[in-house]
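**Q**
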Amino acid sequence: MLSKYKVSLILVFVGIIFAIGGVVLSRSGIFDESKVEIIENGSKMEATPNLTEKIVVEIAGSVEKPGVYKIDKGNSRIDDLLVMSGGLSKDANREYVSKNINKAIKLSDGQKIYIPSIYEQKDVLSAKAEVSQDFISDNKININEASLEVLDTLPGIGQVYAKSIIEQRPYSEISELVSRGVIKQSLFEKIKDRIVVF
2 MLSKYKVSLI
12 LVFVGIIFAI
22 GGVVLSRSGI
32 FDESKVEIIE
42 NGSKMEATPN
52 LTEKIVVEIA
62 GSVEKPGVYK
72 IDKGNSRIDD
82 LLVMSGGLSK
92 DANREYVSKN
102 INKAIKLSDG
112 QKIYIPSIYE
122 QKDVLSAKAE
132 VSQDFISDNK
142 ININEASLEV
152 LDTLPGIGQV
162 YAKSIIEQRP
172 YSEISELVSR
182 GVIKQSLFEK
192 IKDRIVVF
């Protein structure tokens, strides 16, 4: 049998081993909860919220709350902007909107939508009757009145651009084709001498 002295030595030795092991484990950080990180798909998960990117668009004319709006990028359409602006005002030319504005078109940054009033349309028709003007004047195409087929004859203007030009009517000046984002500046340079507004 082991003497009490030997038993005591063994217990002391075992205790020293446990103490050393505890120190090593503590320094290794295995039990340090503050260093635990959640990893997903090989990257650290961030706690920042998923912010939706916005675009800035303008709606003017005969709506309840015309102005500049920030709206979600990607899936926002003209109809969404109409809702945000309170809808059409009582003097909006609803027939024109129904025939010429595609509410399903997606919006792009910097785009402007104009809703004419019933009074504007009457003024335009009255002026046209007085001067007997057609949609072509001095060999230039009036982008406010020309049909899709006529607009399609302009250089670089296919049916897609022609449709966009019609949907964004009316125009006060030809440069609005660029400022409203209907066509790019490079394309505008090709057709500016062949178009007019009245």
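Numbering (our numbering), first residue to last: 2 to 199.
Where is the CB? At the ideal position from N, CA and C, for every residue including glycine.
(1) Less than 8 Å between C-beta atoms, sequence neighbours within five positions excluded: which residues of the same chain meet that for Leu89?
(2) Counting along the chain, where does the alpha helix (DSSP H) carrying Val179 start and finish?
(3) Is there a C-beta anywhere in chain C that falls below 8 Å from the one on Gln112?
(4) Can the beta-carbon of Ser109 be found closer than 8 Å to that of Ile56?
(5) Going by DSSP, what residue range makes up the beta strand (DSSP E) through Val57?
(6) If you follow the alpha helix (DSSP H) that Asp73 is in, where does it begin and where does it stop?
(7) Is Ile79 closer than 8 Å to Asn103 when the C-beta atoms are compared?
(8) Between which two residues does the alpha helix (DSSP H) holding Ile192 run?
(9) Going by the DSSP bridge assignment, what does Asn143 pair with across the sheet?
**A** Inspection of the coordinates gives the following:
(1) Answer for Leu89: Ser63, Val64, Glu65, Leu83, Arg95, Val98, Ile116, listed in chain order.
(2) In the DSSP assignment, Val179 falls within the alpha helix (DSSP H) that extends over 177 to 180.
(3) You won't find chain C in this structure, because it holds only one protein chain.
(4) Yes, these two residues count as a Cβ contact at 8 Å.
(5) Start and end: 55 to 62.
(6) In the DSSP assignment, Asp73 falls outside any alpha helix (DSSP H) and within the unbroken beta strand (DSSP E) covering 68 to 73.
(7) If you check the CB distance, Asn103 and Ile79 come in under 8 Å.
(8) Per DSSP, the unbroken alpha helix (DSSP H) holding Ile192 starts and ends at 186 to 192.
(9) Val197.
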